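Undergrad: The structure that follows is given in the form of C-alpha cells.
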Amino acid sequence: MREGDPRLFDGRLLNRGQMVFDVVYNRDTELLADARSAGARAVDGVMMLVYQGAKALEIWTGRKAPVDVMERAVREGLAARQAEKLGRQ
2 MREGDPRLFD GRLLNRGQMV FDVVYNRDTE LLADARSAGA RAVDGVMMLV YQGAKALEIW
62 TGRKAPVDVM ERAVREGLAA RQAEKLGRQ
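Sequential numbering of the sequence shown, starting at 2, is according to the numbering used here.
What follows is the structure in C-alpha cells.
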C-alpha cells in the first residue's frame, strides 16, 4: 500500500476497546490515525517485521534472536530514513 492509495476500510467503524493492526511499518497510515482518533489501540507493522526477522535468525543460527535490539535498530533506521526524506523536501 502506498501513500495516496484509496482507503480500504471505513474508519467510522472503529471505536474504543478495539485493537487495530496494520502491516505497514515504514509510515503512519490513515488506518492507524483513524484508530487512534476513535480511541482504539493502534499497532504498526514494525513488530511483525521484527519477529519475522527474529524467527529467520533463530532458524539460521539456532540461537535466540535479540528482539529488543532488532526492534530498536528498525525504529532508528526508519526514523533516520524519515528525517532524510524530510530534509530533501
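Ideal Cβ placement from N, Cα and C applies to all residues, glycine included.
Predicted model only: the values in this text are computed from it and were never measured.
1. Where does V47 fall in DSSP's three states?
2. Would DSSP call R37 helix, strand or coil?
3. Does the Cβ-Cβ distance between Q19 and A34 come in under 7 Å?
4. Could you tell me which residues DSSP pairs with M20 in its beta bridges?
5. Less than 7 Å separating the beta-carbons of A66 and A55?
TA: Walking through what the data contain:
1. Helix.
2. In this structure, R37 counts as helix in the three-state DSSP scheme.
3. In this structure, A34 does not lie closer than 7 Å to Q19 by Cβ.
4. The partner list for M20 (beta bridge, DSSP) reads R42.
5. Yes, the Cβ-Cβ distance between A66 and A55 is below 7 Å.
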